[in-house]
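Asks: Heads up, the sequence shown is in our numbering, so the first residue is -10 and it goes up one at a time.
This is the structure I want to talk about, given as C-alpha cells.
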Amino acid sequence: QGMARFSRDGRRLATSHRTLTVFDVATGRPAWKTPLKSEFAAEPAWSADGTRVVVAGEKSVVVFDADTGYRFRTVAVTGQPSERHTAFTADGRWVVVAWPIDDENAYAVDLTTGAVKKLGVARGLPGPLPLPDGRVVLA
C-alpha cells in the first residue's frame, strides 16, 4: 500500500511504495522518482520551505532534494516506522520519526550531523506534528 502527501503549496505530491515519486500536480507527470531500499516506507514528509522530502523506511531515514531527487542524507536507524510518523521541524534541521511497530519510541534525526536522539515512548500516538516555532509535538 502506498503513502502520499502534498507539499504545503499544493504544487507537488510525493508518493512512497517501493519508489519515492514526486509529481508535478499541474501536469500530473512525475518530476522525478527513485527506488527505495525497503518495500515499506512511511508517508513522505515535506520540509516547511518545500525544498526537501523525507521518507522513513526499514532501518533508515532518507532525505531528498525535492526538485531533483538528489539523496541529501541517509541516516541508519533501527526499527520500522508506522505509516504516518515522520515530520520535519520548521527550521528543517531535524526530522522526527516515531517507530511504534518495533520499539515504540520516537527519535529526532539531526540532518546536519546525522546524530539520532531518542525522545521517548510514542506508543499509541498518531505521530509527530511540527509547530510553527520549530518544535515538534508527539501528539
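C-beta: ideal position from N, C-alpha, C; glycine also.
A quick note: this is a predicted structure, and the numbers were derived from the prediction, not measured.
Is it buried or exposed for Tyr96, if we count other Cβ within 10 angstroms and need 16 for buried?
Replies: Residue mapping note: residue 96 aligns to position 107 of the sequence shown, counting from 1. It counts as buried.
Asks: Please report the straight-line C-alpha distance between Thr101 and Ser36, rounded to a whole angstrom.
Replies: Sequence index remark: in the sequence shown, residue 101 carries index 112 (1-based). Sequence index remark: in the sequence shown, residue 36 carries index 47 (1-based). Cα to Cα, the separation comes out at about 14 Å.
Asks: Out of Asp99, Val86, Thr10, which one is the CA nearest neighbour of Asp54?
Replies: Taking the sequence shown and counting its residues from 1, the one referred to as residue 54 is at position 65. Taking only the C-alpha atoms, the option nearest Asp54 is Thr10.
Asks: Return yes when the Cβ of Lys48 is within less than 9 Å of the Cβ of Ala65, no when it is not.
Replies: What you label residue 65 is simply residue 76 of the sequence shown in a count that begins at 1. What you label residue 48 is simply residue 59 of the sequence shown in a count that begins at 1. Result yes, Cβ atoms of Ala65 and Lys48 sit closer than 9 Å.
Asks: From this set, Val85, Leu108, Thr57, Arg1, which residue's C-alpha is nearest Arg18's C-alpha?
Replies: The count along the sequence shown starts at 1 and reaches residue 18 at position 29. When only C-alpha atoms are compared, the closest one is Arg1.
Asks: By the three-class DSSP mapping on this structure, what secondary structure does Val85 have?
Replies: On the sequence shown, residue 85 is found 96 positions in, with the first residue counted as 1. Strand at Val85.
Asks: Just mark Pro33 as buried or exposed, buried being the case when its beta carbon has 16 or more other beta carbons within 10 Å.
Replies: To locate residue 33, count along the sequence shown from 1; it is residue 44. Per the 10 Å Cβ criterion, buried.
Asks: Identify the residues that DSSP records as bridge partners of Thr4: which are they?
Replies: Reading the sequence shown from its first residue, position 15 is the one you call residue 4. Paired residue(s): Ala(-7), Thr10.
Asks: Tell me whether Thr8 is buried or exposed, calling it buried when 16 or more other Cβ atoms sit within 10 Å of its Cβ.
Replies: Here residue 8 refers to the residue found at position 19 of the sequence shown. Exposed, since its Cβ has fewer than 16 Cβ neighbours within 10 Å.
Asks: Among the residues of its own chain, which have a CB less than 7 Å from the CB of Arg82, if the five just before and after it don't count?
Replies: To locate residue 82, count along the sequence shown from 1; it is residue 93. Excluding positions up to five away in sequence, the list reads Asp99, Leu100, Thr101.
Asks: Starting from Thr63, trace the beta strand (DSSP E) both ways and give me its first and last residue.
Replies: Residue numbering aside, residue 63 sits at position 74 when the sequence shown is read from its first letter. Looking at the DSSP string, the run of the beta strand (DSSP E) that includes Thr63 is 60 to 65.
Asks: Evaluate Gly46 with the Cβ neighbour count: other Cβ atoms within 10 Å of its Cβ, from every protein chain shown; 16 or more gives buried, anything less gives exposed.
Replies: Residue mapping note: residue 46 aligns to position 57 of the sequence shown, counting from 1. By the 10 Å Cβ count, Gly46 comes out buried.
Asks: Would you list the one or two residues that DSSP bridges to Pro33?
Replies: Taking the sequence shown and counting its residues from 1, the one referred to as residue 33 is at position 44. Note: Pro33 sits in no beta bridge, so no partner.
Asks: Going by Cα to Cα distance, which pick from Thr16, Phe(-5), Tyr59 is closest to Pro24?
Replies: Indexing the sequence shown from 1 puts residue 24 at position 35. Considering only alpha carbons, the answer is Tyr59.
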